[in-house]
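Under the working numbering, the first residue of the sequence shown is numbered 2, with each subsequent residue one higher. By construction, the Cβ of each residue, glycine as well, lies at the ideal position given by its N, Cα and C atoms. These notes concern the structure reproduced below.
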Amino acid sequence: MTASEELIDLWSRCEQVVVLTGAGTSTDSGIPDFRGPNGLWTKDPSTQSMFDIDSYISDPDVRLRAWRGRRSHPAWDAQPNAAHFALTELQNAGRLGPVITQNIDGLHQAAGSKPVLELHGTIWDTVCLSCGQLTPTLDTLSRPEPDPHCEVCGGILKTATISFGQSLDPDVLDTAITAARTADLLVAIGTSLQVMPAAALVDMAKHLAIVNAEPTPYDQQADLVVNDPISTVLPAVAAELSRP
2 MTASEELIDL
12 WSRCEQVVVL
22 TGAGTSTDSG
32 IPDFRGPNGL
42 WTKDPSTQSM
52 FDIDSYISDP
62 DVRLRAWRGR
72 RSHPAWDAQP
82 NAAHFALTEL
92 QNAGRLGPVI
102 TQNIDGLHQA
112 AGSKPVLELH
122 GTIWDTVCLS
132 CGQLTPTLDT
142 LSRPEPDPHC
152 EVCGGILKTA
162 TISFGQSLDP
172 DVLDTAITAA
182 RTADLLVAIG
192 TSLQVMPAAA
202 LVDMAKHLAI
212 VNAEPTPYDQ
222 QADLVVNDPI
232 STVLPAVAAE
242 LSRP
């Protein structure tokens with residue numbers, strides 16, 4: 002039995018299934034991950050400063066670099082890949098509950114998945130760190146300033162994503178925890194499982210499967226580890242389990 006077939010068998014025996022997806026789910030859509038061989042931080046460790054809230058607030062050069070990166074971010078033109086559509090198919094067939102994601106790209110929603118719990122927020126909105134005003138990020142990017150500030154109060158702007166040093170939205174986190182605790186199976190897909198508190202969700206479900214190209218800290222406790230390509234594995238699961 003192949004690893005994909007083992008995942009199909011495990012999934013088929015569980016009534017309540019949720020997934021936790023990470024950056025590896027979107028690499029086939031042209032969005033690089035962070036820690037993989039071709040990851041953003043692997044190629045240029047200095048980019049991590051853009052994801053630290055204290056550095057972002059205190060250092061204008063970090064913000065300038067972050068806004069340059071946002072203007073060329075691949076999410077603006079990316080399309081869902083086979084893995085995203087497979088998860089939507091599984092939800093529509095009643096074989097999958099919430100999609101819990103660490104991704105900020107909105108591709109699960111673009112593929113039709115719902116509900117989607119965005120633990121780390123979304124790149125599609127910009128938030129003022131002073132007054133909380135929300136603005137579509139593409140509108141913010143249309144402004145000429147290299148480091149745009151809030152038009153309401155003059156405060157520092159960033160995308161509505163969770164940086165290191167920021168807390169997750171408590172309502173989103175609580176909903177994700179409830180989904181994980183009531184699940185028979187949690188499938189961690191394309192995530193290194195190195196970022197808390199998201200990674201802690203895998204301890205909560207009765208069973209754990211991991212689909213990821215690289216080893217994770219939770220491989221030893223998982224019921225099943227699948228290292229095959231995500232965009233091959235998930236469509237195979239959907240094709241089998243979505244049959245009428």
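| Check | Outcome |
| --- | --- |
| Decide if E16 is buried, meaning its Cβ has at least 16 other Cβ atoms within 10 Å, or exposed. | exposed |
| Distance check for T141 and D78, CA to CA, integer angstroms please. | 17 Å |
| Exposed or buried, what is P171 when buried is set at 16 or more other beta-carbons lying within 10 Å of its beta-carbon? | exposed |
| Return the chain-ordered list of same chain residues with a C-beta closer than 7 Å to the C-beta of Q222, the five sequence neighbours on each side being excluded. | L209 |
| Going by C-alpha to C-alpha distance, which of S243, E90, V238 and A201 sits closest to I6? | Position check: residue 6 holds Glu in this sequence, whereas Ile was assumed. Of S243, E90, V238 and A201, the residue nearest in Cα terms is V238. |
| Are the CB atoms of T217 and S243 within a distance shorter than 8 Å? | no |
| Apply the 10 Å Cβ neighbour rule to S168 and answer buried if 16 or more other Cβ atoms are within range, or exposed otherwise. | exposed |
| By Cβ distance below 8 Å, which residues in the same chain neighbour D126 in space, the five residues on each side in sequence not counted? | L135, T136, P137, T138, T160 and A161 |
| When DSSP labels each residue in this structure, what does V153 get in the three-state scheme? | coil |
| Taking H121 as part of the alpha helix (DSSP H), name the residues at either end of that continuous run. | From DSSP, H121 is part of no alpha helix (DSSP H); its letter is neither H nor E. |
| Restricting to Cα atoms, I'd like to know which of S164, F165, S131 and I163 is closest to H150. | S131 |
| Could you pull the DSSP bridge partners for D53 from this structure? | F165 |
| Tell me, which residues are paired with L135 by DSSP? | V128 |
| What is the DSSP secondary structure of V63, counted as helix, strand or coil? | helix |
| Let me confirm a value: R14 is counted as buried when at least 16 other C-beta atoms fall within 10 Å, else exposed. Which label applies? | exposed |
| Comparing alpha-carbon positions, which option in G191, I163, S232 and M2 lies nearest F52? | I163 |
| Is I9 closer than 8 Å to E215 when the C-beta atoms are compared? | no |
| Check whether the segment 227-234 and the segment 51-69 touch, using three or more Cβ-Cβ pairs below 8 Å as the test. | no |
| What did DSSP end up calling I190 once you bin it into helix, strand or coil? | strand |
| Could you check the C-alpha separation between A181 and R71 for me, to the nearest Å? | 32 Å |
| If you draw a straight line from the alpha carbon of N82 to that of Q195, how long is it in whole angstroms? | 24 Å |
| Please report how far the alpha carbon of P245 lies from the alpha carbon of P99, in whole angstroms. | 21 Å |
| Given a threshold of 16 other Cβ atoms within 10 Å of its Cβ, counted over all protein chains shown, does T102 qualify as buried or as exposed? | buried |
| Helix, strand or coil for L8? Go by DSSP, reduced to three states. | helix |
| So, at 6 Å on beta carbons, what are the nonlocal neighbours of A94 in its own chain, with the 5 sequence-adjacent residues on each side left out? | S243 |
| So, helix, strand or coil for H74, using DSSP? | coil |
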